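See structure below.
There are 2 protein chains.
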Amino acid sequence: MKRILTAIISTTALATAAPVLAHGHEAAHEAAADDAQPMEYPELFAAEMELAEEFVHGMMDGGIVVPVPQDPGGGYTHEQHKRNYRAMYLASNLYRVTGEQRFFDYVRDMLLEYADLYPTLGDHPARANQNVGRLFWQVLNDAMWQVHAIQAYEPIRDELSAEDRARIDNDVFRRASEFLSVDSERTFNLIHNHATWATAAVGMTGYVLEDEDLVRRALYGSAGDGETGFIRQTELLFSPDGYYTEGPYYQRFAMLPFMVFAGAIERNDPEIGIFEHRDGILMKALNATIQLTYDGYFFPFNDAIRDKSLNTAELYEGVAIGYSVSQDPALLDIARHQGRTVITPQGLEMSRALDAGLAEPFNFRSMLLTDGPEGDQGAVAVFRSGQGPMHMAMVAKNASQGMGHGHFDKLSWQLYDRGNEIVRDYGAARFLNIEAKDGGRYLPENESWAKQSVAHNALVVNEQSHFYGDRDLADQSWPTQHYFNIEDGFQVSAAGIDNAYPGENVAMTRVLAMVEVEGLSSPLALDVLRAQGEGELQFDLPLHYSGHIMRLGFDPERFTAGRPVLGSDHGYQHIWVDGRATPAADQGFMTWLLGGRFYTYRFVPSGEMEVILGETGASDPNFNLRREPLVIQRVRGSGNATFVSVLESHGLYDGATEQTIGSDSQVASLRHVRSGEHDVVLVETLAGENVAVAISWDDDPEEQHSVTVDGREISWSGYAARIALGQGDN
Amino acid sequence: MKRILTAIISTTALATAAPVLAHGHEAAHEAAADDAQPMEYPELFAAEMELAEEFVHGMMDGGIVVPVPQDPGGGYTHEQHKRNYRAMYLASNLYRVTGEQRFFDYVRDMLLEYADLYPTLGDHPARANQNVGRLFWQVLNDAMWQVHAIQAYEPIRDELSAEDRARIDNDVFRRASEFLSVDSERTFNLIHNHATWATAAVGMTGYVLEDEDLVRRALYGSAGDGETGFIRQTELLFSPDGYYTEGPYYQRFAMLPFMVFAGAIERNDPEIGIFEHRDGILMKALNATIQLTYDGYFFPFNDAIRDKSLNTAELYEGVAIGYSVSQDPALLDIARHQGRTVITPQGLEMSRALDAGLAEPFNFRSMLLTDGPEGDQGAVAVFRSGQGPMHMAMVAKNASQGMGHGHFDKLSWQLYDRGNEIVRDYGAARFLNIEAKDGGRYLPENESWAKQSVAHNALVVNEQSHFYGDRDLADQSWPTQHYFNIEDGFQVSAAGIDNAYPGENVAMTRVLAMVEVEGLSSPLALDVLRAQGEGELQFDLPLHYSGHIMRLGFDPERFTAGRPVLGSDHGYQHIWVDGRATPAADQGFMTWLLGGRFYTYRFVPSGEMEVILGETGASDPNFNLRREPLVIQRVRGSGNATFVSVLESHGLYDGATEQTIGSDSQVASLRHVRSGEHDVVLVETLAGENVAVAISWDDDPEEQHSVTVDGREISWSGYAARIALGQGDN
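Each protein sequence line maps, in turn, to chains X and V. All the letters of the first sequence, read from the start, carry residue numbers 124 to 853 under the working numbering. All the letters of the second sequence, read from the start, carry residue numbers 124 to 853 under the working numbering.
In structure tokens:
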């Protein structure tokens, strides 16, 4: 059995191949003696070498410190063991490139320290949950440690003394693999990203130790039947479009073990064809991960930490490995955006291609990513308008629950514009690794607020979250993506779910669209939501926006001397009420200012609609929540409701030049007409342009539909259409 | 009399002088026919030409539109007349450079439209205040219009037909000058920036129309006695250090008419020696304006709009003219930072110098800027640590009231770190030019909140603002700057004021310092405030911070289901109470997170000190206030109080790499010892380093002082000193 975790760079494949990163280090060592040598590294790789050397030198200067595990996430021993695996991983790669003995010694000495420590360990004293680790408070971190440590071990293992090698093999890696795959068998055999890390750790250890059993266990699960294990994970965790059911934040996180282990499989067991498996699912997944971003930041739905962007270690590895597999020039564009890479042979190959000018722009585009192993468990729809950091993007989150980190946010949406998140998703209530905040764990408010439906731009019935906040119930159902179409001036998605409220038998269908209107500087974000249930229901449609209120179309009762709390449970206990109003037909709008741009949210008030202005932060004894504004459209007393809203991006506020342009909405009116089973939304601008969006709710593309509005016939075919009505008599 | 508003560029002075911008345009016109010509513009100037052409072309495409004045600030006619003067000014400069007839025609035709309009005008219908304008709602805007229009007029005037020239001379500029200097005589003769604009407009008109009377009026006031007028303004509006009493926001605004008119004076009446006047006060003022920034943004105290930075039209003009006068290479650095200039001869000269590589770094440094014409009406102290956009800066606002836009913020302070404002000043409650917000005027909350003492990091007695919020009272008093010293590891300012509360006879003295402590990554910001008054007083010391609370040293009563309002007046009505606590001696601290950095505010709780956590936003019916956190130290029941606090910048939170370092304070203890009239503050770090800051409150630098603390003698000379006490036994 071979044992090659990293690729052998074929010197024939690279025109300017430097004599570094040959498989053995001797050549590199000799080469390092040549003063001119470092100049031959490509730019990105050379910069990464410097960063790595700086970090490793810093660690070396501090001496090898392998403390007895004690602290939870963010605490000293936790962070030290993280630093250690990073240092070993980098030092070993530096050894591979430079052949310098001190890097070899450092990795060996640290692993020998771990060989002393590991056999003494039982369960970590600060156990996070039932999946307790040894070096860390949870087994996931142990797996991450091992994924890095085994990669650090490979380049030095052959040259160790037999005694050292045996000690590290047995007292570190065999024990750790036993812990991950046997003692923690429950985690190991999950279809879940924690298991991806665990199988990657154990499988790569198998390759390095030439232990076929470990490899088989990792690839096909403990039972060896392929019902679990790494291969099965690639089949069940991604949709056919490469969407990972937990959402982009965890998709990013999972891409590292997927890509790194797949790279090792490809080199050691090429007959598996891991990168071709399931129609190239891993490369699709890598691309989907990148597509699920705005200005480099991941759409933060589900339990996402909002700081996470393409600039993360996982994606540096993923992009380098992905490029080495696919030679896709668009990945070079991502690497250029990242400005970082990895100092592996793949990182070198990619950096060379970048220096050779092979990059082509990555095409961030409108797309539908289905969810579920078969692609039939909902979807995420992305619309984009324009290019670059100022472009507008709209996201419809019609995906399934996404396991334990999923939120009760069916049919929710987001809007980005000019570099800002305009219609927000809260992400997770968590301060990663900050001890003062429950040791960096998920905070209680993650359950009580962040996961709840009202914390999203999602319909809430009777002040209860979807599936009544019951995850088991949520796991059994998902939205159906009815329609998705991209054409000039009109991008549209329609999805529905009939069992988010089984008790009230509520069926909801939502059309979200990006609609261009003549004379407006940006497309309108249109939202048409129909809900039908049984009995007298209360329907709340929150919008979580960002910005400072400039103008209200309505005149709310204001609570300026004491703000009531909106409710008592399902997230409502966290909302302060700033104001309440019952807008007249022409009063359904509000304008706010963010980042020099104005945004007007306009809606069609039905007869008794109440509008609630609120802010998060109530019932938050430990200051765990961010305080952010929201507005709720509330309809009561019937089993049905239709909400029609548009969000308009307009004007310019430039305090520096004292220029203010278009601070008020350019839309004159928004109307909604129901005709039989059809809905028509009519937008008229101040300049007199009229556009209709007609919805048949019928996805037969051939079917013709027609309604008469204001004595004028509007005809279209298929599910939904944009019809320009030209200049009115405004 | 000459009439040269812009300089004649001496071709001998510029090595690569292109034959553009000769005084007449004929040469330029011929040169423009040479295709290679545009390549000779220096980079910044060429880019500015493009911007100007783009703007002017856009305006030309729209045709000349000179509407009858109607709207207030931000409204259509207001913005159109602003666009018009900008277009005329740029078109005229483009004509000077390119000699193209269409620019000439455009400026002429627009001025002829104004010649039709102007004689028909009376008071503007949307008068802002008693100083109503004609083209605009306030006379200030009329003056700004004229300052630009007269500069636009000069390059075309000679070549007009006699009839056109007479019409524009008489129906526009003589009438407008009559309006500014006679009808609006009250404004014209103020010692105030509005009068600077008015005198600049009238004086430059005098130069162009060769009207000696207008020039004299502008220079020496209506009475011609020099008690008012432009020259007197340079003597009374700036301190000897060049500090403008209204503060940096208005200083920036005033610099344009000061610099532009001074440039014209220098060229027409060089015998005045305007740039040498009062020891070169105008260049000092320009430099002070630049020094009063952090990352390019002006310290926002008084009625400041926070978006204002060095990137404003006023400073493009100021830097170009300033460079042409001083040849100061540091101004080139500022121009480079701005990335903009003006398309005048001065802008060309400066751009050429920039291209020639003559720039040298502008030295942002610690400094004291005295206030008041004689420099004895308080001061602004600035400390800086480090260089570049991440450096730390601390500002002590010990200046005088600063006229009508001044705030009741005596002895307040601010802290900046890593590109963020950590200890904040609210600035003005105003949304410039946004009609929905009271037409862009100052909002009611500017009086009720932004100006009040509790809205600042300033001591508040008995919940009343300094001078009880009475501006007339405030104008009569100012702080005294007792001490200012910069040395390695210790930068310190001390100031006091004895009559901010004449009724309670409160004397307050505040020492603010930047103190380096061995082992800490940033200096500590130290604040020692002593107050002595009569009777049983309540002392509140607010700190307006930015960030999300991570840890509290104390355990507050929390108001999670309904937040009370803190008070009823003087700004207190705008504060929601989040929590109250009475911290024990070791509980006086709180930590927050901002921009990946942790900040711990640590204070010495005196016996009965209450701590109040609050947030702005109460009693704000129109959503005019930003919602921002604050903490108040409150001491009651005595006539005296001493507050000792330090603010510590520490650690790192990087969500992208999941690294968290030093999230808890590195300070083990903060103690305060009073010994006789001396105060000693003792800081001990977790690593055991001890530093004392000793304050004698005696500014005799020779005087020796000594106190004994913990059995150890601490000796120093002068007002205040930092004494490293080395490793303790911690």
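Where a beta carbon is used, it is the ideal one built from N, C-alpha and C, also for glycine. Since we're looking at a predicted model, the values are computed, not measured.
Integer-rounded CB distance, given that residue j should sit under 8 Å from residue i
i, j, result
"F740/V", "M713/V", "Note that residue 740/V corresponds to Gly in the displayed sequence, not to Phe. Not a contact, Cβ separation roughly 20 Å."
"T464/V", "E163/V", "Contact flag wrong, Cβ pair sits at about 16 Å."
"A249/V", "Q269/V", "A249/V to Q269/V, Cβ: 19 Å. No contact."
"R750/X", "I735/X", "That belief does not hold up - the Cβ atoms of R750/X and I735/X are roughly 16 Å apart, past 8 Å."
"L716/X", "H671/X", "5 Å"
"G661/X", "N763/X", "Residue 661/X is actually Gln in this sequence, not Gly. Going by Cβ atoms, the distance from Q661/X to N763/X rounds to 12 Å, so no, they are not a contact pair."
"Q710/V", "P728/V", "7 Å"
"A618/X", "Q604/X", "5 Å"
"I444/V", "G403/V", "Contact flag wrong, Cβ pair sits at about 14 Å."
Per-residue DSSP class, three states only, for residue i
i, result
"N763/X", "strand"
"H180/X", "helix"
"T714/V", "strand"
"G592/V", "helix"
"A385/V", "helix"
"Y739/V", "Position check: residue 739/V holds Thr in this sequence, whereas Tyr was assumed. Reduced to three states, the DSSP call for T739/V is strand."
"A843/X", "strand"
"D561/X", "helix"
"K520/V", "strand"
"Y372/X", "helix"
"P161/X", "Summary for P161/X: the model assigns pLDDT 45, below 50, so the residue's position carries little reliability, and this model does not support an answer."
"P195/V", "coil"
"P752/V", "strand"
"N410/V", "helix"
"W820/X", "coil"
"L775/X", "strand"
"G511/X", "coil"
Run of the beta strand (DSSP E) containing residue i, from where it starts to where it stops
i, result
"W536/V", "535–540"
"Y208/X", "It is not in any beta strand (DSSP E) - Y208/X instead sits in the alpha helix (DSSP H) that spans 199–221."
"Y722/X", "720–726"
"D650/V", "647–667"
"M490/V", "490–493"
Identified DSSP bridge partners for residue i
i, result
"A617/X", "Y606/X, V634/X"
"I854/V", "Within the shown structure, residues of chain V are numbered from 124 to 853, placing residue 854/V beyond reach of any answer."
"T808/X", "V790/X"
"T783/V", "Y776/V"
Interface flag, residue i vs chain C, CB-CB below 8 Å
i, result
"G529/X", "Judged by its chain identifiers, the structure shown contains no chain C, and its protein chains are X and V."
Continuous alpha helix (DSSP H) stretch holding residue i: start and end
i, result
"M233/X", "224–240"
"T357/X", "353–359"
"Q274/V", "262–280"
"T68/X", "Chain X is shown from 124 up to 853; residue 68/X falls before or after that span and cannot be answered."
"V448/V", "436–449"
Residue i versus the options, residue with shortest Cα-Cα distance
i, options, result
"I784/X", "F226/V, Q614/V, I557/V, E771/V", "I557/V"
"D451/V", "Y722/V, E483/V, G462/V, V615/V", "E483/V"
"G718/X", "W320/X, A779/X, N264/X, L652/X", "A779/X"
"Y166/X", "A210/X, T200/X, F353/X, G480/X", "Rather than Tyr, the amino acid found at residue 166/X in this sequence is Glu. When each option's Cα is compared against that of E166/X, the closest is G480/X."
"E800/X", "V830/X, D787/X, A815/X", "V830/X"
"H579/V", "A597/V, V179/V, L534/V", "L534/V"
"L471/V", "T493/V, E440/V, I413/V", "E440/V"
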